[in-house]
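Going by my numbering, the final residue of the sequence shown carries number 356, and the count climbs one at a time with no gaps.
Every residue gets a Cβ at the ideal spot worked out from N, C-alpha and C, and that includes glycine.
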Amino acid sequence: MKKPRILLADDHKIVLEGLRGILEPEFELAGTVEDGRALVAEAVKLRPDVIVVDISMPRLNGIEAVRQIKKNDAEIKVVFLTMHSDASYAAEALEAGASGFVLKHSASSELITAIKEAIRGRTYVTPLIAGDLIHAYQKGASPANHLKTELSSRQREILQLLAEGKSAKEIGSMLSVSARTVEFHKYRLMEKLKIKTSAELVQYAVTHGLLAV
């Protein structure tokens, strides 16, 4: 029987090697990537059955990458493997199209289960935060991070890249837009978030899981 193909995305090589050891007995490892933009490109190229991805990654965070991937191919299953234990991250991951949400320190005991559930068309959320997630939904409001509704997808991309220290020219080159367009988006997002300095920009990006730290 053919093994399901897995694409791994994490910006730490040691984590990727550890995951390889956990997953290779049961799955075929299609590839590994270390930033969100590479993940989007490799997902199109490799067409894996399941993507295992962290939230905080350079150049494009995991949630934004998954949104782009899902627009291309809604059939690819996604399991998030992260250190972010707040239910708001799990909610946003699921709303982006994920089928699973596992914490890194539980990877050895839960990741294979989460992947198998995703392949079966089910959803797996680590029991460590499932209760908080359900409780938040029962209260009638989505616990998803406010970043999703405050900013457009392009603004979130530019916010992360600015916080990583990229110039308007560098960002424009990466996104195939002009530096002036980048500056316009920067002005609008800083106005919307009431942010005045680059330091505040970085802090906001860290708080919302956009930076790999």
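Closest to residue i by CA distance: which of the options is it?
i, options, result
"Glu334", "Glu307, Ala234, Leu302, Ala186", "Leu302"
"Tyr267", "Leu294, Ala236, Arg297, Ser295", "Ala236"
"Leu276", "Val349, Lys337, Ser228, Lys259", "Ser228"
"Pro191", "Ala239, Ser251, Asn204, Lys145", "Lys145"
"Ile206", "Pro147, Ala173, Gly243", "Gly243"
Once DSSP output is grouped into helix, strand and coil, what is the label at residue i?
i, result
"Ala241", "coil"
"Ile149", "strand"
"Leu336", "helix"
"Val268", "strand"
"Leu246", "strand"
"Glu307", "coil"
"Leu254", "helix"
"Ser341", "helix"
"Leu318", "helix"
"His351", "coil"
"Ser295", "coil"
"Arg263", "coil"
Give me whichever residues DSSP pairs with residue i in a beta bridge.
i, result
"Val325", "None, per the DSSP bridge assignment."
Between which residues of its own chain and residue i is the CB-CB distance below 7 Å, once the five residues before and five after are set aside?
i, result
"Val187", "Asn215"
"Lys247", "Leu224, Thr225, Met226"
"Val209", "Val196, Val221, Ala239, Gly240, Ala241"
Using a Cβ-Cβ cutoff of less than 8 Å, which residues in the same chain neighbour residue i once the five nearest sequence positions on both sides are dropped?
i, result
"Lys329", "Ile301, Leu305, Ala311"
"Ile165", "Ala250, Ser251, Leu254, Ile255"
"Thr324", "Gly315"
"Asp154", "Glu177, Asp178, Asp197, Ser199, Met200, Pro201, Ala355"
Within the same chain, show all residues whose beta-carbon is closer than 6 Å to that of residue i, passing over the 5 residues directly before and after it, in chain order.
i, result
"Arg148", "Glu171, Ala173, Pro191, Asp192"
"Leu203", "Gly179, Arg180"
"Ala152", "Val176, Leu182, Val196"
To test your reading of the DSSP string, which unbroken alpha helix (DSSP H) runs of 4 or more residues are found completely within the segment 155-236?
Taking only runs of at least 4 residues, the alpha helix (DSSP H) segments lying wholly in the segment 155-236 are 156-166, 179-189, 205-215.
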